[in-house]
Amino acid sequence: MVIQEFINESKNLDGKISKGMFMEICYLFGYFWVQVGKASTSLIWINKILNEPKTELRTDIQSIARIINLIAHYELGNREFIEYNLKSTTRFLANRDRLYQFERVTLKYIRQLANIHPDKDPKETLVCFQKEMTNVLSEDSDQKALGLFNVLIWIQARIENVLMAEIIQNKEKEVKSNSSPLN
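Residue numbering for the sequence shown follows this note's numbering, beginning at 514 and increasing consecutively.
Below you can see the structure in the form of structure tokens.
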């Protein structure tokens, strides 16, 4: 499997590729694993980014890695860990030139979701999150955030209780069938 080969080979990459490229690769693997429901494996890759010494390289990836980190911990049920990380994530994001509305809304709802009792269905909160995020993302300034992490797909996956990968596959099939010459 290509992924396993890369994982094995990545141990030998230290110093052979730029830090920015290394962060991008770690982000891609972290995002991939969260999409297929392997949050703990996602955290291995995301933590490689978060554990890097402070740098101004790829702040876009550093920012989204922090959000994926929160989401992966939510998926794993690590509610107590989320509250601590929300503070450091908010601080990191606020220390940049600006805190995007996409980030602000995501942090707000991750906090709410983490505080829901495990026996209570989070669907109502997720639907509110979805509505507010749809409004936020209708503005051009926050659209590029979807390229790094499509939070709307994650929300939909949580509402439907399926993997993000399933939602993505269904959307791709929908696009393909709509672009068919027979339609």
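All C-beta atoms in this analysis are idealised placements derived from N, C-alpha and C, irrespective of residue type, glycine included.
Item to check | Pick from 589, 617 and 638 that is closest to residue 577, judged by C-alpha positions | outcome: Within the sequence shown, the letter at position 64 stands for residue 577. Closest by alpha carbon: 617.
Checklist entry - Can you tell me the Cα-Cα spacing of residue 641 and residue 522, whole angstroms? => result What you label residue 641 is simply residue 128 of the sequence shown in a count that begins at 1. What you label residue 522 is simply residue 9 of the sequence shown in a count that begins at 1. For residue 641 and residue 522, the distance between alpha carbons rounds to 43 Å.
Next on the checklist: Relative to the C-alpha of residue 632, which candidate in 590, 543, 682 and 622 has its C-alpha closest?
Outcome noted: One-based indexing of the sequence shown puts residue 632 at position 119. Measuring from the Cα of residue 632, the nearest candidate turns out to be 590.
Next on the checklist: For the alpha helix (DSSP H) containing residue 651, name the first residue and the last one.
Outcome noted: Looking up residue 651 in the sequence shown gives position 138. For residue 651, there is no enclosing alpha helix (DSSP H), as DSSP gives it neither H nor E.
Checklist entry - For the region 527 to 547 against the region 622 to 630, are there 3 or more C-beta pairs whose distance is under 8 Å? => result Short answer: they don't touch.
Checklist entry - What three-state label does DSSP hand residue 644 in the structure shown? => result Taking the first residue of the sequence shown as position 1, residue 644 is located at position 131. Residue 644: helix per DSSP, three-state reduction.
Checklist entry - What residue ranges within the region 525 to 592 form continuous alpha helix (DSSP H) runs of no fewer than 4 residues, ordered along the chain? => result As far as the region 525 to 592 is concerned, its whole alpha helix (DSSP H) runs of at least 4 residues are 532 to 548, 552 to 563 and 572 to 589.
Item to check | Proximity below 8 Å, CB of residue 667 to CB of residue 557 | outcome: For the purposes of this step, residue 667 is identified with residue 154 of the sequence shown, where counting begins at 1. For the purposes of this step, residue 557 is identified with residue 44 of the sequence shown, where counting begins at 1. No; because the gap between Cβ atoms is not below 8 Å, this pair is not in contact.
Checklist entry - Does residue 560 come within less than 8 Å of chain D when only Cβ atoms are used? => result Looking for chain D here will not work: only one protein chain is present.
Next on the checklist: Taking only three categories from DSSP, how would you classify residue 617?
Outcome noted: In the sequence shown, counting from the first residue as 1, residue 617 sits at position 104. For residue 617, the secondary structure class from DSSP, reduced to helix, strand or coil, is helix.
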